[in-house]
Amino acid sequence: MPTHSSLFLVLLALQYGVRGAPSAAPADPCAKIAGKNFVPPADALACEKSFPFNETLRQNILTNVARVFDFFTFESYYLDSPPPFQESTADIRAMVNKLNTTVYETDYDFNKDLFDFTNQLNDGHTRWLPDCIGFFQNILPTPVVSLEVDGVQGVYVAPDAVEFISQLGAEYTDFFDSIGFDWKRLAGAKITAIEDQDPYDYVDFIAKTVSGNYLDHGVRVNSVFSSYRIAANTFSQRLGDLAGPSGVQRTSLKFKLIPVNSTTEETVTVPYLANFLGNSFTDKDSFWANNCAATDQTNGIDRRAESTFLPRKPLRPVASIIIDKAHSVNINLPGPFHPNLPELPGSDHVIKNYILPDGETGVMFVGSFGPSEADGFDQFQVDVVDAINAFKSAGVSRLLIDLSNNGGSYHVSFQC
232 MPTHSSLFLV LLALQYGVRG APSAAPADPC AKIAGKNFVP PADALACEKS
282 FPFNETLRQN ILTNVARVFD FFTFESYYLD SPPPFQESTA DIRAMVNKLN
332 TTVYETDYDF NKDLFDFTNQ LNDGHTRWLP DCIGFFQNIL PTPVVSLEVD
382 GVQGVYVAPD AVEFISQLGA EYTDFFDSIG FDWKRLAGAK ITAIEDQDPY
432 DYVDFIAKTV SGNYLDHGVR VNSVFSSYRI AANTFSQRLG DLAGPSGVQR
482 TSLKFKLIPV NSTTEETVTV PYLANFLGNS FTDKDSFWAN NCAATDQTNG
532 IDRRAESTFL PRKPLRPVAS IIIDKAHSVN INLPGPFHPN LPELPGSDHV
582 IKNYILPDGE TGVMFVGSFG PSEADGFDQF QVDVVDAINA FKSAGVSRLL
632 IDLSNNGGSY HVSFQC
């Protein structure tokens with residue numbers, strides 16, 4: 232009964248190694264949501280938690296996890312993380328032992344604990360990302376941003392929320408119409424509290440407990456907010472870790488806010504709706520088979536079984552990237568919010584280049600250090616050279632390199 236999953240570092244796709252699905256329960260919560268792109272979080276969670284815990288799977292997983300950590304050179308760092316990175320402090324061996332002895336009722340409970348443990352390391356290269364619990368993403372129709380108005384910083388519902396969220400389509404927006412919830416009127420509202428906490432305190436809480444991926448707390452705080460990025464060689468917008476977290480643990484979020492053109496504070500509970508990002512299914516058994524059970528494609532290939540007489544495929548650069556499904560969802564940045572400056576040469580792919588109105592400052596927005604296989608690493612270098620030459624020709628004297636929501640990977644370019 233192997234499953235899809237990903238543990239980064241040395242292991243890119245570590246899977247369950249036992250065949251066969253768990254025994255079927257009398258009820259089938261997965262059939263209830265089959266064929267739908269958007270479902271209530273509680274229904275999604277019921278499907279995910281319908282598979283009983285299996286000790287054989289746990290031992291298979293944790294044996295491999297422990298072996299990976301045997302090669303983990305940062306273990307001593309995590310035992311006593313230096314300031315300001317104490318949030319990542321963890322006794323890795325103690326946590327693995329706890330995972331190995333805790334009594335679990337469902338497959339979900341075990342995998343969620345392992346997910347949370349690796350996520351709390353705040354290292355996007357060391358993650359446990361089981362597809363079985365990672366193919367649903369909660370989406371809130373009120374993504375939040377941090378803005379400065381009249382010299383005062385505050386947390387707001389994104390002013391472009393209507394244009395942005397509407398791109399999810401009628402299946403998403405019709406749900407809120409069906410329950411009589413007018414989310415559109417909340418666009419641009421000033422938020423005074425989230426879950427009865429100061430909004431920045433709550434953002435800080437999400438950065439500590441949900442965001443993961445980055446050692447630096449400030450980067451994780453930025454990740455909580457909705458923001459722009461480059462995806463598929465064009466501008467897109469992230470939901471943020473508050474409005475678009477991985478998983479379906481929450482069904483709603485309570486805000487105190489002041490809508491645009493109002494001075495009255497309101498308390499509004501905004502429902503989440505979960506987006507299914509996985510493979511189609513019709514019932515519980517097919518959900519497991521199509522989204523949890525490992526295949527040759529999800530679990531790698533046994534190189535020992537390959538013929539030595541067959542020519543090997545040429546090696547290509549392997550990018551070290553984060554593939555949490557929630558982080559890979561792309562929604563277009565609404566047109567009115569695209570830069571209105573002309574693009575310079577070298578802007579056709581993962582880099583966008585501009586000169587600010589002062590004529591002296593160039594901006595290179597680098598969306599990723601891992602260009603797509605179609606574009607290639609050579610194209611990345613060509614784009615960098617074209618951009619630098621364009622800046623020089625225009626007399627630019629200083630350069631801002633924007634790495635907002637950079638997708639990671641590796642690439643080193645230099646010019647003498």
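Sequential numbering of the sequence shown, starting at 232, is according to our numbering. Glycine included, each C-beta is placed from N, C-alpha and C at the ideal position.
{"Asked": "Between which two residues does the alpha helix (DSSP H) harbouring residue 517 extend?", "Found": "515-522"}
{"Asked": "Where residue 436 and residue 455 are concerned, what is the direct C-alpha to C-alpha distance, given to the nearest angstrom?", "Found": "10 Å"}
{"Asked": "Using only CA atoms, which one of 386, 396 and 515 lies nearest to residue 282?", "Found": "515"}
{"Asked": "Out of curiosity, what's the CA-to-CA distance linking residue 576 and residue 472?", "Found": "33 Å"}
{"Asked": "Excluding the 5 residues flanking residue 438 on each side, which residues of the same chain have their C-beta closer than 8 Å to its C-beta?", "Found": "448, 451, 452, 454, 455 and 472"}
{"Asked": "With a threshold of 16 other CB atoms inside 10 Å of the CB of residue 310, please say whether the residue is buried or exposed.", "Found": "exposed"}
{"Asked": "Just curious, the alpha helix (DSSP H) that residue 395 is in, first and last residue?", "Found": "392-396"}
{"Asked": "Under 8 Å: do the region 388-408 and the region 361-369 share three or more Cβ pairs, one atom per stretch?", "Found": "no"}
{"Asked": "Along the alpha helix (DSSP H) that carries residue 590, what are the first and last residues, could you check?", "Found": "Note, residue 590: premise wrong, no alpha helix (DSSP H); not H, not E."}
{"Asked": "Between which two residues does the alpha helix (DSSP H) harbouring residue 298 extend?", "Found": "286-301"}
{"Asked": "Would you give the residue range spanned by the beta strand (DSSP E) that residue 383 belongs to?", "Found": "383-388"}
{"Asked": "Give the range of the beta strand (DSSP E) segment to which residue 631 is assigned.", "Found": "629-633"}
{"Asked": "Given this structure, state the Cα-to-Cα distance separating residue 299 from residue 267, to the nearest angstrom.", "Found": "37 Å"}
{"Asked": "Taking its Cβ as the centre, do 16 or more other Cβ atoms sit within 10 Å of residue 624, making it buried, or is it exposed?", "Found": "exposed"}
{"Asked": "May I ask you to list the residues that DSSP assigns as paired with residue 355?", "Found": "Answer is none; residue 355 lacks a bridge partner."}
{"Asked": "So residue 460 is in the beta strand (DSSP E); what residue range does that whole segment cover?", "Found": "458-462"}
{"Asked": "When the distance is taken between beta carbons, is residue 562 closer than 8 Å to residue 483?", "Found": "no"}
{"Asked": "Counting beta carbon pairs with one atom in the region 488-500 and one in the region 349-357, are three or more of them shorter than 8 Å?", "Found": "no"}
{"Asked": "Go through its chain and collect everything with a Cβ distance to residue 359's Cβ below 6 Å, but skip five positions before and after it.", "Found": "238, 345, 346 and 349"}
{"Asked": "On the premise that residue 386 lies in contact with residue 431, defined as a C-beta separation below 8 Å, what is that separation, rounded to the nearest angstrom?", "Found": "6 Å"}
{"Asked": "In the DSSP output, what is residue 478 paired with across the bridge?", "Found": "368"}
{"Asked": "Starting from residue 279, follow the alpha helix (DSSP H) in both directions and report where the run begins and ends.", "Found": "272-279"}
{"Asked": "Any idea which residues DSSP pairs residue 378 with across the strands?", "Found": "385"}
{"Asked": "In its own chain, which residues sit with a C-beta less than 7 Å from the C-beta of residue 343, not counting the 5 before and 5 after it?", "Found": "364"}
{"Asked": "Taking C-beta to C-beta, are residue 289 and residue 341 nearer than 8 Å?", "Found": "yes"}
{"Asked": "For residue 637, which of helix, strand or coil comes out of DSSP?", "Found": "coil"}
{"Asked": "Rounded to the nearest angstrom, what separates residue 619 and residue 285 at their Cα positions?", "Found": "56 Å"}
{"Asked": "Expressed to the nearest angstrom, what Euclidean distance is found between the alpha-carbon atoms of residue 372 and residue 297?", "Found": "40 Å"}
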